[in-house]
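Numbers in this note's numbering are just positions in the sequence shown, counted from 1, shifted up by 5.
Don't be surprised by glycine CBs; every beta carbon is placed ideally from N, CA and C.
All figures in this text were calculated on a predicted structure; none of them were measured in a lab.
Below: the structure, in structure tokens.
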Amino acid sequence: MSEQIVTVTSSLPAAAFLVPLAAGALVFLGRKLQRAFWQGTALLASGITFLIGLRMSGQVLSGAVLTTWGNELRVDALSALMVVVIGGGGFLATLYSVRYVTRPGLLTRAGAEATARRMPTFYGLVLWFLATMVWGCVTNNIVMLYVAVEATTLTSGLLVAFYWDRRALEAGYKYLMLLTIGITFALLGCVLLYASAAATGQIDGGKALLISEVRHVAHLIPAGTALLIVAFLVIGFGTKAGIAPFHPWLPDAHAEAPTPVSVLLSGVMIKMAMYALARTVSIFYPNWPQLTVFAVALGTFTMVLGIVIALTQDDLKRLLAYSSVSQMGYVLVGLGLGTYLGCYGGLFHLLNHAIYKALLFMCVGAVIYATGIRKVSELGGLARSMPITSACFFLGALAIAGFPPLNGFMSKLTVYLALAKAGLWWAVVIALAASVLTMVVLVRAAYTVFWGSPQGAALAQLQVREVPVVMWVPMVILAGACVVLGIFPQAPFPLLDKAAAVLATVGR
6 MSEQIVTVTS SLPAAAFLVP LAAGALVFLG RKLQRAFWQG TALLASGITF LIGLRMSGQV
66 LSGAVLTTWG NELRVDALSA LMVVVIGGGG FLATLYSVRY VTRPGLLTRA GAEATARRMP
126 TFYGLVLWFL ATMVWGCVTN NIVMLYVAVE ATTLTSGLLV AFYWDRRALE AGYKYLMLLT
186 IGITFALLGC VLLYASAAAT GQIDGGKALL ISEVRHVAHL IPAGTALLIV AFLVIGFGTK
246 AGIAPFHPWL PDAHAEAPTP VSVLLSGVMI KMAMYALART VSIFYPNWPQ LTVFAVALGT
306 FTMVLGIVIA LTQDDLKRLL AYSSVSQMGY VLVGLGLGTY LGCYGGLFHL LNHAIYKALL
366 FMCVGAVIYA TGIRKVSELG GLARSMPITS ACFFLGALAI AGFPPLNGFM SKLTVYLALA
426 KAGLWWAVVI ALAASVLTMV VLVRAAYTVF WGSPQGAALA QLQVREVPVV MWVPMVILAG
486 ACVVLGIFPQ APFPLLDKAA AVLATVGR
């Protein structure tokens, strides 16, 4: 017997993105005020967004679907999960940034005066970045989904280029150009999906814009048109999600952006793009099971390519960026299976990756904050002077590799079981091999940086200390989440269960 869903009109979906949007405008208007105002506003707004996500999750778990402005905004379990991830990640990244951005050279490559002058712009853009991501996850309108994803490109592109020197501008330009070209394919897919749904004659033009309505007529769309729509959506949203071979923007963007922005890009933004891909493409799964093999093949290719390139990286941020490419392959494989178990594993891994990748980028940012160095070959022996950072990085490295009893192990195990249940043993072998390579890459980097012999003349001249408490508290929270969700994987089950059911085409 299926669970009864009750549609409830609520202001929460709108508030979830209007709060950070308004707060960003407030920061820009108050740019002549003090740093405490900008940072306090950003912390308050991101924290409220997280709490709204939790509140919506509670209502969704009670059997409700929240709607605003008719059915233009619609929050089910999948949307609520994403708002929690975005709000939580945004709050911790903002908290981490409170001290990080005050050190000259880390927010801008100019002096303290230039850093202070540009700080309100930074926090205003961060808040608008969060607002556009949340908007993309609560909208039920196909075209507005594209607009929201493109808006995240514009706001995050300005953050990627925030240093405003040649390297940052080149990375920002590459980021904007590649993602805009990619997202144009998503626009074509969204428009074609709308036109095809309206052409079925089963729903009127207005309702053909709503994803929840298009699901009911997707089976009437001609096969050739449906495959073209899927191809456009995969290229468009897949580019934004960092799926290979559409990933070249990602390493440069992560490497050149200020570390709090890298946390948001890898920990949150690429998850939002994967949400957009899953939300749109999944409507075709009941009638096109062949898409499963394509999704699994693309996902395993992404896993392997990302981690193999990561093996060759000396820059810590680029290493983590390529490992993000690899990890998104696991999410794509799980969601691409279209089964309940696969979708559950994919969403669980999405949640886990948001946690430990944010943790790892924060740890790397702590190393840069303390030493000014980001190359593995120029670091070593930092564990004695940075015990909290070293412990958090090592734990994050084990979590991303899928080492028990940490959270990455449980989500990867779920994906493996889903693949095995589908009879795709070749994909299980590839995924396991990618996990082994991930352990080699991350554990090797952790050992070299924190326990290896100190290397480089620059490091020898430094008096390295642990980062301030406001920076390591978010790291400890995320490290604790890696342990808790590994030992108690049932903790997020109620929300993940309902979110997986939204996407799954094969029952539990």
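Taken atom to atom, the span from the alpha-carbon of Gly386 to that of Ala213 is near 60 Å.
For the options Leu56, Phe42, Ala375, the alpha carbon positioned closest to that of Trp477 is the one of Ala375. Comparing alpha carbon positions, the residue from Leu198, Leu49, Arg40, Phe190 closest to Glu155 is Phe190.
Collapsing the DSSP output to three states places Leu215 in a strand. In the structure shown, the three-state DSSP call for Leu78 is strand. Rounded to the nearest whole angstrom, the C-alpha separation of Arg284 and Ser328 is 24 Å. DSSP lists Lys380 as the bridge partner or partners of Asp320. Between the stretch 82-89 and the stretch 30-39 there are fewer than three inter-stretch CB-CB distances shorter than 8 Å, so the stretches are not counted as touching.
In the structure shown, Thr12 adopts extended strand secondary structure according to DSSP, grouped into three states.
Of the residues Tyr199, Ala496, Ser390, Pro250, the one whose Cα lies closest to the Cα of Arg470 is Ser390. Straight-line spacing of the CA atoms in Met480 and Leu490 works out to 15 Å. Approximately 6 Å separates the beta-carbon atoms of Leu270 and His259; this is inside 8 Å, confirming the contact.
A direct Cα-Cα distance of roughly 46 Å separates Phe22 from Pro459.
Setting aside the 5 residues that flank it on each side, Ala69 is surrounded in the same chain by Val11, Val13, each with a C-beta closer than 6 Å to its C-beta; the list follows chain order. In the structure shown, the three-state DSSP call for Asn146 is strand.
Within the stretch 13-64, the runs of alpha helix (DSSP H) that reach at least 4 residues and sit entirely inside it are, in chain order, 17-34. Spatial neighbours of Leu174 in its own chain (CB-CB distance under 6 Å, excluding positions within 5 residues in sequence) are listed in chain order as Ala166. Ala260: member of the alpha helix (DSSP H) spanning 254-261, first to last residue.
A distance below 6 Å between beta-carbons, with the five flanking residues on each side excluded, links Leu130 to the following residues of its chain, in chain order: Thr160, Leu163, Leu164. Around the beta-carbon of Lys245, 16 or more other beta-carbon atoms lie within 10 Å, marking it buried. Cβ contact annotation for Leu346 (same chain, cutoff 7 Å, sequence separation greater than five): Thr419, Leu422, Ala423, Lys426, in chain order.
Contact between Asn357 and Gly304 does not hold, since their C-beta atoms are separated by about 16 Å, which reaches or exceeds 8 Å. Look at Val106 here: in three-state DSSP terms it is coil, with no helix or strand label. The C-beta distance from Leu150 to Gly141 rounds to 6 Å, short enough to meet the 8 Å contact threshold.
The C-beta distance from Phe127 to Val106 rounds to 7 Å, short enough to meet the 8 Å contact threshold. Using a Cβ distance threshold of 7 Å, Ile248 and Ile147 do not count as a contacting pair. In the structure shown, the three-state DSSP call for Ala509 is coil.
With 16 or more other Cβ atoms from the protein chains shown falling within 10 Å of its own Cβ, Leu296 counts as buried. Straight across, the Cα-Cα distance linking Met333 with Arg122 is about 37 Å.
Residue burial is scored here from C-beta neighbours: Met182 has fewer than 16 other C-beta atoms within 10 angstroms and is therefore classed as exposed. DSSP, read as helix, strand or coil, puts Leu71 in strand.
Here DSSP, grouped into helix, strand and coil, assigns Thr307 to helix.
Where Trp430 is concerned, the enclosing alpha helix (DSSP H) starts and stops at 430-451.
Between Gly339 and Gly351, the CB-CB gap stays under 7 Å.
Proximity of the stretch 363-380 to the stretch 482-496 meets the contact definition, three or more beta-carbon pairs being nearer than 8 Å.
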